[in-house]
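A.B. asks: In the working numbering, the protein residues as written are 844 to 1054.
All residues carry an ideal CB built from backbone N, CA and C; glycine is no exception.
(1) Measuring straight from C-alpha to C-alpha, what distance separates residue 1024 and residue 896?
(2) I need the boundaries of the beta strand (DSSP E) containing residue 961, first residue and last residue.
(3) Which residue marks the beginning of the alpha helix (DSSP H) containing residue 1037, and which one marks its end?
(4) Could you spell out the range, first to last residue, of the beta strand (DSSP E) harbouring residue 912?
(5) Pull the bridge partners of residue 929 from the DSSP assignment, please.
(6) In the DSSP assignment, what residue or residues form a beta bridge with residue 865?
(7) CB-CB under 7 Å to residue 945, same chain, minus the five flanking residues each way: which ones, in chain order?
(8) For residue 789 and residue 959, what's the separation of their Cα atoms in angstroms?
(9) Nearest-angstrom Cα distance between residue 934 and residue 983?
(10) What are the start and end residues of the beta strand (DSSP E) that includes residue 902?
(11) Does the beta-carbon of residue 968 have 16 or more other beta-carbons within 10 angstroms, so that it is buried, or is it exposed?
(12) Can you give the beta carbon distance from residue 936 to residue 920, rounded, assuming they're within the 8 Å contact cut?
Right, dumping it as structure tokens:
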């Protein structure tokens, strides 16, 4: 697996919000892909294409239905407006958060924006105070990277074993450290003390790289 000079997220943002009337935090990433809205939407939602860059998915994939990512999160699809946006819960174990995925035309290309919202409850706050936005954000950065690879390589599926080997390589670890750093910078831009944001980013980088 060689991602070369490919990259994941272009714009990193984080900040406070509300969800269902409760205080929450939002981690948001976006980037522009060299494809059409319809093609990007299909890559994001087609159960035959999604496993090529993310995970196998099953369920009733429509508004009001439930989905399950193999070995990972599942949840309810709250709204779905093809080919622009879907909003769903993200449930893993006892944890619940929310994701909103939207696509829009930018000149002759397409922007993907993903927002991941987490409640400010006791469990989430303990995790946030150690890792900050990068705990969620680095994983999404890797997903954006994988999607770019597949879109730019004629839809070829990423081999999981090769991808895992890359994650353990110097190049993979460098990508994750850079991603954690950028989420730390976004955290600082949102008002967190630089030293605190940096420490959280370092914790995140250590977690992902195993260093």
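C.D. replies: Taking the geometry as given:
(1) Straight-line Cα distance between these residues: approximately 24 Å.
(2) Per DSSP, residue 961 belongs to the beta strand (DSSP E) from 952-962.
(3) Note, residue 1037: alpha helix (DSSP H), 1037-1052.
(4) Per DSSP, residue 912 belongs to the beta strand (DSSP E) from 909-912.
(5) Answer is 923, 944, bridged to residue 929.
(6) Residue 865 pairs with 862.
(7) For residue 945, where only same-chain residues beyond five positions count, the Cβ hits under 7 Å are 927, 928, 956.
(8) As shown, the chain starts at 844 and ends at 1054. That puts residue 789 outside it, with no answer to give.
(9) In a straight line, the C-alpha of residue 934 is about 16 Å away from that of residue 983.
(10) Bounds of the beta strand (DSSP E) holding residue 902 are 900-902.
(11) That one is exposed.
(12) Their Cβ separation, rounded to whole angstroms, is 20 Å, which puts residue 936 and residue 920 out of contact at 8 Å.
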